[in-house]
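Numbering (this note's numbering), first residue to last: 441 to 795.
Note that beta-carbon positions come from the ideal geometry of N, C-alpha and C, so glycine has one too.
Predicted model, so just to flag it, every value in this text is computed and none were measured.
Single-structure report; data block below.
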Amino acid sequence: MRFSLFVAFFVLCFPALAQTEAPTLRVATREIAPFVMQKEGKFTGFSIDLWNAIADELKVGSKFKVNPNVAAQIEAVRSGEADIGIAATSITSKRDRIVDFSQPFYDSGLQILVRGEGSQPSLLSGLWQVMTSPLLRQFVIAVLVLIIVPAHAVWLVERSHHDGIVRHKRYYPGIFEAMWWTVSCLATQSEEMPKHSFARVLAAMWMFFAIIFTAYVTAALTANLTLDALRGDIRGPQDLPGKRVATVASSTSEAYLRGANVRLQAFPTIEAAFAALQSKKVDAVVYDTPILTYYAANAGKGRVMLAGPVFRHESYGIVLPNGSPWRKRINYALLSLRENGTYDEIHQKWFGNDQ
441 MRFSLFVAFF
451 VLCFPALAQT
461 EAPTLRVATR
471 EIAPFVMQKE
481 GKFTGFSIDL
491 WNAIADELKV
501 GSKFKVNPNV
511 AAQIEAVRSG
521 EADIGIAATS
531 ITSKRDRIVD
541 FSQPFYDSGL
551 QILVRGEGSQ
561 PSLLSGLWQV
571 MTSPLLRQFV
581 IAVLVLIIVP
591 AHAVWLVERS
601 HHDGIVRHKR
611 YYPGIFEAMW
621 WTVSCLATQS
631 EEMPKHSFAR
641 VLAAMWMFFA
651 IIFTAYVTAA
661 LTANLTLDAL
671 RGDIRGPQDL
681 PGKRVATVAS
691 STSEAYLRGA
701 NVRLQAFPTI
711 EAAFAALQSK
721 KVDAVVYDTP
731 ILTYYAANAG
741 KGRVMLAGPV
751 FRHESYGIVL
761 PNGSPWRKRI
771 NYALLSLREN
781 GTYDEIHQKW
791 FGNDQ
């Protein structure tokens, strides 16, 4: 009896020990596919799945609040309106002065997105592309070699023939007569045949080779120039100066482009930047690689394409107020998820084998 009374007294005096409620963290986020999206009133995406896994490790609840942009999201955390912030937020020294970050959870970078048909180059730009094409340089070198070598062989055997195609026995100008004949063969326009038997065999082989060589080079050069036309004249960050370039306001890509001598247009959302690209109001969009890749493979499939390599590598982190007691626990949870394979499962779900 006394024991029962003691237990009842203990429970009444210490109700928190009888039923402990998990704390609920206020999570500031923003919609940015494929990291954060809303479908039928529910949040989904890579960052959402990752945070839910972290929350399970921490044994906490979550209350999400959508912010219009990254600046508003960071401010919500800084001001104390939110306990943490997660989406696709790059870790930078400027941001680290006003908020704290977890260890990185995703490696990113900037890349360029252009229309599928490419930015149409001008006539001069197109001619310059042809003149500077590596394939064209290889073609010119090959032609010079394939003209000079046979020309010397023909000159050596034909100069001694009284009625040969080389009228002059001397090297000059006899070699030029032989070179003219090899050029004519290469262009399949030669009407005169050598008189020496060895030269005739050489001529037959050379004409056959000239037909194959001309067909191959024509096909290769056409394919190369067609691909260049599809890509347009924007192939990397070095081609951006002077172009109309869109990005998202207050993003790391905007900070980069401010010093890149481009005709910059900063939009409030990445969707607005995509729309400007489709309507040909801008020539390219510069933004985070995974976001551009996802758009090009889904909503923009067949209409846009990535141009050039990834540049200015960055990392995403979870935003926390300075001095947050949750930082160490979140970092521990991230390490645990990487070690037990949960992180890899979430990454595979949203990005496949790409990183």
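- Judged by pairs of C-beta atoms under 8 Å, the stretch 508-524 touches the stretch 759-776, as three or more such pairs exist.
- Rounded to the nearest angstrom, the gap between the Cα atoms of R752 and A462 is 40 Å.
- Membership of E754 in any alpha helix (DSSP H) is not indicated; the residue belongs instead to the beta strand (DSSP E) covering V744 to Y756.
- Collapsing the DSSP output to three states places R675 in coil.
- Remark: C-beta atoms of V688 and A713 approach each other more closely than 9 Å.
- Within the DSSP bridge table, the entry for R555 names V744 as partners.
- Cβ contact annotation for A618 (same chain, cutoff 6 Å, sequence separation greater than five): A591, V594, W595 and V606, in chain order.
- A distance below 8 Å between beta-carbons, with the five flanking residues on each side excluded, links V702 to the following residues of its chain, in chain order: L680, P681, G682, K683, R684 and V685.
- V583 carries a helical assignment under DSSP once its states are collapsed to helix, strand and coil.
- DSSP, read as helix, strand or coil, puts G525 in strand.
- In this structure, the beta-carbon distance from Y756 to F483 does not fall below 9 Å.
- Contact between L760 and I494 is absent: CB atoms are separated by about 12 Å, not below the 8 Å threshold.
- In the DSSP secondary-structure assignment, K479 is bridged to K482.
- The stretch 537-553 makes contact with the stretch 718-729; the number of CB pairs closer than 8 Å reaches 3 or more.
- For R703, the secondary structure class from DSSP, reduced to helix, strand or coil, is strand.
- A659 counts as exposed, since fewer than 16 other C-beta atoms from the protein chains shown sit within 10 angstroms of its C-beta.
- Within the same chain, no residue comes within 6 Å of V641 by CB-CB distance, once the 5 residues on both sides are set aside.
- A residue is called buried once 16 or more other Cβ atoms fall within 10 Å of its Cβ, and I615 is buried on that count.
- Q678 sits exposed, since fewer than 16 C-beta atoms from the chains shown fall within 10 Å of its C-beta.
- Around the C-beta of G520, fewer than 16 other C-beta atoms lie within 10 Å, and the residue is accordingly described as exposed.
- In this structure, the CA atom of E785 is about 14 Å from the CA atom of I488.
- Assignment of G501 by DSSP, reduced to helix, strand and coil, places it in the strand class.
- Between S764 and A511, the C-beta gap is not smaller than 9 Å, which leaves the two residues out of contact.
- DSSP, reduced to helix, strand and coil, places V597 within a helical segment of the structure shown.
- Membership of R778 in the alpha helix (DSSP H) is indicated by the continuous run R767 to E779.
- In the three-state scheme derived from DSSP, where H, G and I count as helix and E and B as strand, F541 is classed as strand.
- Cβ neighbours of A736 within its own chain (closer than 8 Å, five residues either side excluded): L553, V744, M745 and L746.
- CA-CA distance, S776 to A700, rounds to 40 Å.
- The Cβ neighbour count for R698, taken over all protein chains shown within 10 Å, is under 16; the residue is labelled exposed.
- Ranked by Cα distance from G792, the options W766, N762, Y734 and I758 are led by Y734.
- Closest by C-alpha distance to G740, out of Q718, E754 and K505, is Q718.
- Between V467 and V657, the alpha-carbon positions lie close to 60 Å from each other.
- Proximity to E598 across I587, L586 and Y611 peaks at Y611, based on C-alpha coordinates.
- DSSP places A468 inside the beta strand (DSSP E), whose first and last residues are T464 to T469.
- Beta-bridge partners assigned by DSSP to Y696: none are found.
- According to DSSP, residue pairing for I652 in a beta bridge does not occur.
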